[in-house]
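Trainee:
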Amino acid sequence: MVKVSDDALTEQGLDAPATGRVLALACGALVREVLALIEINGWSHMTLRCLPAKLHLFPDQIPEAVREGVRRGKADGFDEILVLYADCGTGGYLDKVCEEEGVSRIEGPHCYSFFDGNDAFAARGDDEMRCFYLTDFLVKQFDAFVWRPVGLDRHPDLLEMVFGNYETLVYLAQTNDPALDKKAEEAAARLKLNYERRFTGYGDMATALKGVA
Amino acid sequence: MSDEEEDIILSELSDDELVLQMHDDLYDGLKDEITEGVNILLGRGWMPYDVLTKALVEGMRIVGIDFRDGILFVPEVLLAANAMKAGMSILKPLLAETGAPRLGKMVIGTVKGDIHDIGKNLVGMMMEGAGFEVVDLGINNAVESYIEALEKEDATILGMSALLTTTMPYMKVVIDTLVEKGMRDDYIVLVGGAPLNEEFGKAIGADAYCRDAAVAVETAKEWSARKHNQTA
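Top to bottom, those sequences are chains Y and F.
Quick note: the first sequence uses the working numbering, first residue -7, plus one each step.
Quick note: the second sequence uses the working numbering, first residue 22, plus one each step.
1. So, is the C-beta of F:Met189 closer than 8 Å to a C-beta in chain Y?
2. Relative to the alpha-carbon of F:Ala7, which residue among F:Gly180, F:Leu47 and F:Leu63 has its alpha-carbon at the smallest distance?
3. Is the Cβ of F:Val236 closer than 8 Å to any Cβ of chain Y?
4. Restricting to Cα atoms, I'd like to know which of F:Ala224, F:Gly152 and F:Phe221 is closest to F:Ser245.
5. Between Y:Leu212 and Y:Ala136, is the Cβ-Cβ spacing less than 8 Å?
6. Following the continuous beta strand (DSSP E) through Y:Tyr104, name the residue where it begins and the one where it ends.
7. Does any CB atom of chain Y fall closer than 8 Å to the CB of F:Gly134?
8. Would you kindly report the start and end of the unbroken beta strand (DSSP E) that includes Y:Glu72?
9. From the beta carbon of Y:Arg146, is the nearest beta carbon of chain F less than 8 Å away?
10. How about F:Leu158: is its C-beta nearer than 8 Å to some C-beta of chain Y?
11. Taking Cβ positions, are F:Val144 and F:Val164 nearer each other than 8 Å?
12. For the beta strand (DSSP E) containing Y:Cys206, name the first residue and the last one.
13. Excluding the 5 residues flanking Y:Phe134 on each side, which residues of the same chain have their C-beta closer than 6 Å to its C-beta?
14. Please check if any C-beta of chain Y sits within less than 8 Å of the C-beta of F:Asp30.
15. In the structure shown, what three-state DSSP assignment does Y:Glu188 receive?
16. Just the chain F side, please: which residues come within less than 8 Å of Y:Val142 by C-beta, in chain order?
17. What's the gap between the Cα of Y:His48 and the Cα of F:Pro216?
18. Pull up the CB-CB distance for F:Lys133 and F:Ile178, whole angstroms please, since I reckon it's below 8 Å.
19. Would you say the segment 33 to 53 of chain F touches the segment 189 to 202 of chain Y, given that touching needs at least three Cβ pairs under 8 Å?
20. If you follow the alpha helix (DSSP H) that F:Ala101 is part of, which residue opens it and which one closes it?
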């Protein structure tokens, strides 16, 4: 199994030599889950490369970063490239890039949706508009991806302004890890939100990867 | 000589110095200092509208530019907005009393299913600062809510905001309904929100996509003037 720290995934992403025929080009926040699926299924033909997870905070930068990764993958001779990014707040621009580059991406508006299962997530609709979601990665990196970027470390009085319309933090758990549960619950308390845990496993991501396996 | 900066006594500054200091204080998100500055200027006989435009709106305009250029980040903008809100809460009742100029009336709200209102609130404040009357419908607005408010308030501008890729298509539902009811041409429709872009704004039939609050104000002014000239 590849050893890489969450901090490195946040800042640099993950690079890998072109060893398989299929390239999975993913968000750094998905590395653990994709690697787990590769290992469980023995997909030795699949190479995983990831862009820095911090792009999650700058969605406008995702499409061109993906384009660069795709072009590099093509130059390296991969037969097939699957983009493991949802729309991720790019407002359809990532789809445009994927279409221009002739590659497909995992379906869904964001990773919360495809982990939960896109159909199930869509069916919940407006009932969950006051829910704030975390995945395993985001629970581990809560301070780097939630607390600090909105300035709550320096200005706790901004909490109401930023999270005042939310009611519940929903932890979409990819794994059963009591330590992460505890951390997620603590995050909910820090945000003054109710807490709910929902086990999702790898959701639609497993299906999407099987499709290119 | 001491390295420590001396505390600035706002009340000892001249008007010009105080206004510049308030720009700095807004930039630094200093709510209490903004409240104090507003009260000092009012105490010196300034018209509320001048305090608003020269001290607060101009200060927020600078904040907006530096946010756009990547010099300021989200927390700083939130703090600045909070400080401006404090100043506005003093000025708003006075503006109504002193008959500040009115450029038009805007109905604004986040669309159905969307609770993210930071950008919408900022646009509302900046529009008020620029002389527009703003009717804020808050969050999660269905098409009926927008249409009822537009008619009831006799508004000239509709502003819709969305932060999510999943909620932004609802803007088209609202615009299509306006078209069906034969009301579309009665309003200037402005849309905004992080995942939107100009292409999307055009595709759904909005008059303009506004990438930030300052652009929203300029666009509203421009379109209002254009509309006024057409009907004059």
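Virtual Cβ for every residue (Gly too), placed ideally from N, Cα, C.
Just so we're clear, the structure is a prediction, and the values are computed from it rather than from any experiment.
Mentor: Let me spell this out:
1. yes
2. Since the first residue of chain F shown is 22 and the last is 253, residue 7 of chain F is not available in this structure.
3. no
4. F:Gly152
5. A question about residue 212 of chain Y goes unanswered here, because the residues of chain Y that appear run from -7 up to 205.
6. No beta strand (DSSP E) contains Y:Tyr104, which is instead part of the alpha helix (DSSP H) from Cys103 to Asp108.
7. yes
8. Glu72 to Leu76
9. yes
10. no
11. no
12. With chain Y covering -7 to 205 only, the question about residue 206 of chain Y has no answer from this structure.
13. Ala179
14. Per the sequence shown, residue 30 of chain F should be read as Ile rather than Asp. Not closer than 8 Å to any Cβ of chain Y, the Cβ of F:Ile30 fails to qualify, so no.
15. strand
16. Val95, Pro96 and Leu99
17. 13 Å
18. 20 Å between Cβ atoms; not a contact.
19. no
20. Val95 to Thr119
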